[in-house]
Amino acid sequence: MGFKVAFFLPVCTLCFLVCLTGPARAQQTPDVKEKPPMYTYVSDFNLPRAKWGEMDKLTAEDAKLLDRAVADGTIIAYGDDRSLVHQADGYTHDTWWSAMSMAGVLNVLDQMVKSNANTSSSSPLLSATKHEDAIYVSRFYNWKPGARKDIYSYEGVYKLKAEAPDDALEMLSKNTIVPLLEKLLADGTLVEYEIDTEAVHSEAPGKFLIFLIAANAEAIDKFRAAQQEAVKSSPLFGPAFDSMTDYTGHRDMLARTNATYK
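Mapping the sequence shown onto the numbering used here, position 239 (from 1) lands on 240, and the numbers just tick up by one.
Structure (structure tokens):
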């Protein structure tokens with residue numbers, strides 16, 4: 002989140018859309034329900050290329066602490082991302098972890114700060130030209146357990162229009178987004194997905210993120226094909242999503258990811 006990237010297409014072709022009128026509500030997928038809130042802390046950095054190797058070493062050290070936190074149940078997942086589509090003022094790296102409570106997220110943050118205190122004077126993070134933290138919450142998510150290295154993740158960032166219904170994101174998630182992502186998770190195309198909003202609002206309410214982790218590079222093409230087929234089979238998706246979403250703040254981000262899920 003934040004720069005924690007996910008796997009989505011540009012908004013003009015994404016069309017993960019659903020008509021929120023009466024007929025569409027009647028078609029709502031009954032099996033899709035909100036889950037207990039999952040919180041994710043993300044710390045983003047823009048690092049000079051000369052420091053990328055040092056960042057890899059720091060990430061490996063941090064993983065030891067995060068593995069212990071997974072083992073004792075404090076968190077349920079952690080990972081790191083390295084951007085593949087670089088921008089002059091964008092982020093190059095992030096570290097993240099997820100828990101089923103805000104306390105779990107914050108307790109690990111406290112441990113991380115204390116662990117890095119002794120090495121702060123030599124940390125590559127001191128060379129960061131840009132830094133940002135965020136905490137997100139998700140009620141629609143799923144994953145396959147295990148640790149994976151150098152896979153792909155992609156994130157689509159969107160904002161609901163001010164006039165969108167209060168339950169717009171819930172309806173989009175239940176009717177269209179989650180059923181497709183569950184299918185791709187089941188067949189091995191995806192490792193994880195989540196639909197996030199800010200738990201601590203650093204921006205105006207209405208922002209939401211669709212985050213995916215793809216099993217490999219080939220899974221990207223498979224996802225694109227499934228997404229395009231979903232658009233063809235549901236021609237009302239596009240207009241409905243357009244009517245509720247303000248595209249001016251839309252962004253997509255693609256990265257290489259290491260991720261561990263309990």
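We put the CB at the ideal spot given by N, CA and C, even for glycine. Predicted, not measured: the structure shown is a model, and the values here were computed from it.
Backbone secondary structure at residue i - three-state DSSP
i	result
Lys208	strand
Thr177	helix
Val264	Any property of residue 264 remains undetermined from this structure, which presents the chain solely from 2 to 263.
Val232	helix
Gly54	helix
Ile221	helix
Ala216	coil
Ala187	helix
Ala78	strand
Thr41	strand
Asp63	helix
Member of the options whose CA lies at the smallest distance from the CA of residue i
i	options	result
Tyr92	Asn176, Ala129, Tyr42	Ala129
Phe46	Thr75, Pro38, Asp95, Ala216	Asp95
Ser84	Arg50, Ile77, Leu186, Asp134	Arg50
Ser234	Lys263, Glu199, Thr177	Thr177
Asp82	Gln229, Ala231, Ile214	Ile214
Asp134	Trp53, Ala200, Leu170, Asp151	Ala200
Ser203	Glu171, Lys65, Thr261, Tyr137	Tyr137
Asp111	Phe212, Asn259, Asp151, Ala70	Ala70
Asp167	Leu255, Lys223, Thr246	Thr246
Leu161	His87, Leu66, Tyr248	Tyr248
Leu264	Val232, Ala220, His251, Glu230	Residue 264 falls outside the range modelled here, since the chain spans only 2 to 263, and no answer is possible.
Ala216	Asp32, Pro146, Ser116, Ile76	Pro146
Tyr155	Arg225, Gly207, Ser44	Arg225
Val109	Ile152, Asp222, Ser44, Val33	Ser44
Pro38	Tyr159, Ile77, Val232	Ile77
Own chain partners of residue i with C-beta closer than 6 Å, once the 5 adjacent residues on each side are dropped
i	result
Phe141	Ser174, Val179, Ile196
Lys36	Arg140
Arg148	In the sequence as displayed, the identity of residue 148 is Ala instead of Arg. For Ala148, where only same-chain residues beyond five positions count, the Cβ hits under 6 Å are Thr261.
Lys131	Asn47
Continuous beta strand (DSSP E) stretch holding residue i: start and end
i	result
Val33	Neither: Val33 is in no beta strand (DSSP E) and is coded neither H nor E.
Leu191	191-199
His202	Run containing His202: none; DSSP gives neither H nor E here.
Ala256	246-262
Beta-carbon proximity list for residue i, same chain, < 7 Å, skipping 5 on both sides
i	result
Asp63	Thr96, Met113
Val125	Note that residue 125 is Pro in the sequence shown, not Val. Here the set comprises Leu48, Lys52, Glu55, Met56, Leu59.
Gly80	Trp97, Thr258, Asn259, Ala260, Thr261
Ala165	Met245
Leu66	Gln112, Met113, Ser116
Own chain, CB closer than 8 Å to residue i, minus 5 neighbours either side, in chain order
i	result
Ala227	Leu181, Lys184, Leu185, Thr190
Any chain D beta carbon closer than 8 Å to residue i
i	result
Met101	Absent from the structure: chain D. Only one protein chain is present.
Taking only runs of the beta strand (DSSP E) that begin and end inside the segment 95-168, which ones reach a length of at least 3 residues, in chain order? Runs found: 131-144, 147-161.
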